[in-house]
Amino acid sequence: MDARILLVEDDPSIREVTAIGLSAAGFDVATAADGVEGMERFLAEPFDLVLLDIMLPRLDGYEVCRQIRRTSTVPIVMLTARGEAMDVVVGLEAGADDYVRKPFEVPELIARVRAALRRANAGPAGETASLRLGPLSIDVAGRTVARDGTDIPVTRTEFDLLLELVRHAGQVLSRDVLLDRVWGYDYLGDSRLVDVAIQRLRSKVETDPAAPELIQTVRGAGYKASR
Amino acid sequence: MLSGVRGRLTATIVALVVLTAVVLGVGAYVFVDTRLHDQALREAADQAGFDLSVLIPSRLGDPPTDESMRKLGDDFQRRGLDTIIVPPSGQPFATPGTLTTAYASIPDSVRSLVDRGQIAYAWQPLAGRSSLVVAGRVSGTGPAIYFIRDTTAIDDTLAQLRFALGAGGILLALVAVVAARQVARGVLAPVQEAARTARRIAHGDLSARVPVSSTDEFGSWAEQFNEMVDTLEDTIVRLEAAQTQNRRFVADVSHELRTPVAALVAEVSILRDHLDSLPPESRRAGELVVQDVGRMRALVEDLMELSRFDAAGEQVRAEPVDLGRLIRDVANARHRDAVLELPDDRVVAETDARRLERILGNLLDNAREHAPGALVVVRLRATADRIAITVADRGPGVPLDRVDRIFDRFYMADPSRRGGSGLGLAIAAEHAALLGGRLRARNRDGGGLAIELLLPVTDSLPAGDPAATPGDEPALR
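Protein chains in written order, with the working numbering: chain A, 5 to 231; chain B, 2 to 478.
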């Protein structure tokens with residue numbers, strides 16, 4: 005694997021050791037020490053994935069994420085020191101696909117990076133070209149969602165989450181299952197990521213996100229797409 | 002109205018006023034009654050004595066003729082006196098004639114006294130009117146003459162007096178009630194004001210003070226009270242400031258430690274895979290570094306978790322949780338050797354699974370660290386009104402006087418033992434409180450420590466759950 009990764013992290017020790025670990029795992033790593041430098045590096049050359057610390061000097065991780073998202077669908081994994089629900093919400097709103105809590109062990113980070121890359125590269129598997137969920141039509145190959153002919157902008161993760169639910173419409177999927185299938189890693193105790201992503205998705209596809217009809221919560225069990 | 006000091010005070014004042022009014026009223030009435038009757042009797046007796054001995058003998062023949070009796074009766078009637086003249090032999094002669102039959106109702110005691118020549122009297126209703134009868138014999142031996150005077154006027158006067166006294170008494174009682182309530186309210190106002198103030202203080206408003214509005218006993222009492230609150234407020238403010246400072250320090254320290262710890266964790270995660278390639282003399286040091294970074298990470302994360310509780314920004318996300326399954330999962334991850342005693346039926350509680358996992362995980366970690374190798378039992382019991390999850394070990398237990406302290410931060414039952422951060426049980430207790438429950442610990446019979454998590458039973462517990470018989474206290478011995 006020779007994927008190019010941009011690592012934006014202000015702490016020199018963490019930046020260096022993470023870069024060492026990623027390089028040893030076969031990735032081609034470029035680093036930046038703050039948000040502005042990170043944007044410059046990102047615009048200068050193509051990357052397959054961006055690892056983004058949130059607390060960065062000059063330009064914070066959320067803002068870097070938003071700026072990247074204006075032009076690119078590159079997978080973005082946030083490195084959050086706090087791991088609080090609010091940070092996750094803001095990160096996902098800014099367009100991040102996943103987040104890794106600090107402190108992290110390098111092998112764990114590498115697993116998450118690989119999962120994110122795998123998802124990004126998973127092409128259309130020659131299945132039904134289009135699925136429907138109520139008024140939504142989901143173009144699997146083109147990875148787009150439209151309501152009554154109007155495109156709804158969704159991130160890669162939101163699309164994958166929606167696709168997973170629609171493929172099993174009427175069936176309850178637990179948070180752990182969704183974490184495994186959409187984010188591609190085992191349950192690590194942060195199933196709130198799923199809740200936040202579901203909320204984000206609802207705010208885009210539901211008519212009234214406060215009273216969701218398409219994606220329903222099954223208390224104590226998980227979520228399901230209405231049939 | 003009679004309840005409370007105010008009611009009793011009012012009742013006492015009213016009772017005193019009414020009693021005084023009754024005593025004075027009855028006294029006055031008896032006095033007037035006696036005086037009126039005495040006066041009437043004295044006048045009547047004087048008149049009778051004079052008439053019988055001086056006036057009548059010359060005018061009434063002996064024996065009296067009908068003509069003389071009628072004339073005499075008419076004369077007395079003109080003076081306002083009715084008479085019955087009883088000759089020694091013959092029929093009583095009454096003026097007016099309607100009184101003739103009334104003679105029979107004059108008491109025998111009066112008649113026999115008169116017969117013996119004495120002057121006698123009786124208060125006696127005659128012919129439907131209240132009357133005073135005074136009688137005697139003319140010159141002591143002649144015909145008996147009964148003088149009858151109408152005393153309705155006396156009765157009327159007394160009736161008016163009774164009415165006046167009664168009405169006055171009732172009015173006085175009413176005035177007394179109103180006045181007594183006012184007095185009671187006035188006397189008790191400072192007490193009620195103080196009660197209100199105390200309630201505000203109890204609800205956390207330390208700025209509340211009792212108004213000092215007088216210089217009497219209540220005034221000085223209010224001053225003392227306020228002084229006490231001042232001291233209390235000072236102490237609480239000082240303690241709170243110290244605690245806030247303390248907590249901020251812990252939060253700052255753990256915050257500052259976070260980045261270096263994150264770097265260490267990442268570094269050690271790479272170092273760990275290459276320990277074997279280190280020269281033997283530094284390999285052991287490398288192993289210890291890996292281990293100690295893990296301890297430091299746990300400590301810093303625990304400190305940060307406690308700081309979040311202190312910041313009171315924690316929220317509970319409750320949903321139906323299958324407790325048996327959760328216990329199995331946590332035990333599998335944290336203490337594979339633990340023996341689980343779970344009820345056959347599913348126990349579902351409305352609670353926050355993440356926090357419950359954290360509590361149980363910390364309790365199991367604690368059991369593993371303090372009772373290494375010993376049997377650990379996790380028992381779930383659900384009764385109608387609560388759920389108890391107990392983690393019991395067969396370790397050394399905790400000295401009796403320190404059982405309550407094991408939930409304090411940094412409390413170590415055995416300071417020589419190095420293991421967890423000393424914060425695990427404190428964190429578990431904070432989570433338990435957030436879930437509406439609590440942790441309690443006790444030494445088991447036969448050695449070992451049992452820590453019990455008590456959770457409230459919520460509505461979502463399905464009917465027909467293993468609701469044990471009431472009083473079946475879940476307990477491990």
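Built from N, CA and C at the ideal position, the CB exists for glycine as well.
Going by the CB atoms, is the gap between A/Glu162 and A/Leu205 shorter than 9 Å? yes
Within 9 Å, strictly: CB atoms of B/Ala174 and B/Ala22: yes
Rounded to the nearest angstrom, what separates A/Tyr191 and A/Arg116 at their Cα positions? Residue placement at A/Tyr191 cannot be trusted, given a pLDDT of 47 that sits under 50; the coordinates are not used to answer.
Cβ of A/Lys228 within 9 Å of any chain B Cβ: no
Between the alpha carbons of A/Ala120 and A/Glu109, how many angstroms are there, rounded? 17 Å
Inter-residue spacing [alpha-carbon to alpha-carbon] between A/Val12 and A/Asp64: 10 Å
Identify the residues that DSSP records as bridge partners of B/Gln119: which are they? B/Gln119 is not bridged to any residue.
Beta-carbon contacts of B/Glu288 that lie in its chain and below 7 Å, excluding the five residues immediately before and after: Leu276
Does the structure place the region 360-369 of chain B close enough to the region 333-344 of chain B that three or more beta carbon pairs sit under 8 Å? yes
Under 9 Å between C-beta atoms, does A/Ser141 make it to chain B? no
Quick one: Cα of B/Asn247 to Cα of B/Pro261, how far? 22 Å
So does B/Val322 have its beta carbon nearer than 8 Å to some heavy atom of the ligand NAD? Among the components modelled here there is no ligand, and therefore nothing to report on the ligand NAD.
Pick out the complete alpha helix (DSSP H) segments inside the region 8-91 of chain B, 4 residues or longer, and give them in chain order. 67-79
Excluding sequence positions up to five away, which residues of its chain have a Cβ less than 6 Å from the Cβ of B/Arg273? Val291
Residues bridged to A/Gly226 by DSSP? A/Val222
Taking the alpha carbon of B/Ala185 as the reference point, which residue from B/Ser283, B/Arg387, B/Ala12, B/Ile202 has its own alpha carbon closest? B/Ala12
Can you check whether the C-beta of B/Asp353 is within less than 9 Å of a C-beta belonging to chain A? no
Go ahead and label B/Gly91 buried or exposed: buried means 16 or more other beta carbons lie within 10 angstroms of its beta carbon, across all protein chains shown. exposed
Among B/Val115, B/Gly447, B/Arg439, nearest to B/Asp394 - alpha-carbon criterion: B/Gly447
DSSP beta-bridge partners for B/Met149? Met is not the amino acid found at residue 149 of chain B; the sequence shown has Ile there. Per DSSP, B/Asp83, B/Val134.
DSSP puts B/Arg439 in a beta bridge; with which residues? B/Leu455
Is there a Cβ of chain A sitting closer than 9 Å to that of B/Leu265, yes or no? yes
Which residue wins for smallest C-alpha separation from A/Pro107, given the options B/Arg439, B/Glu302, B/Ala451? B/Glu302
Just by C-beta distance, which residues in the region 18-34 of chain A are closer than 8 Å to chain B? Ile18, Val21, Thr22, Ile24, Gly25, Ala28
To the nearest angstrom, report how far apart B/Asp151 and B/Leu114 are at their CA atoms. 22 Å
From B/Thr66 to B/Arg36, what distance separates their C-alpha atoms? 39 Å
Could you give the first and the last residue of the continuous alpha helix (DSSP H) run that contains B/Leu233? 218-272
DSSP three-state assignment for B/Ser113, whether helix, strand or coil: helix
For the structure I just gave you, are there three or more beta carbon pairs, one from the region 105-114 of chain B and one from the region 126-136 of chain B, closer than 8 Å? yes
Using the rule of at least 16 other Cβ atoms within 10 Å of the residue's Cβ for burial, across every protein chain shown, is B/Ile237 buried or exposed? exposed
Show which residues of chain A have a CB atom less than 7 Å away from the CB atom of B/Val322. Gly224
Residue-level contact to chain A via CB, B/Arg9, 9 Å cutoff: no
Is B/Val251 close to chain A? Criterion is C-beta to C-beta, closer than 9 Å. no
Can you confirm whether B/Ser270, when its beta carbon is compared against all beta carbons of chain A, has any partner nearer than 9 Å? yes
Per the DSSP calculation, B/Val322 is bridged to which residue(s)? B/Ala350
Nearest chain A C-beta to B/Asp274 closer than 9 Å, yes or no? yes
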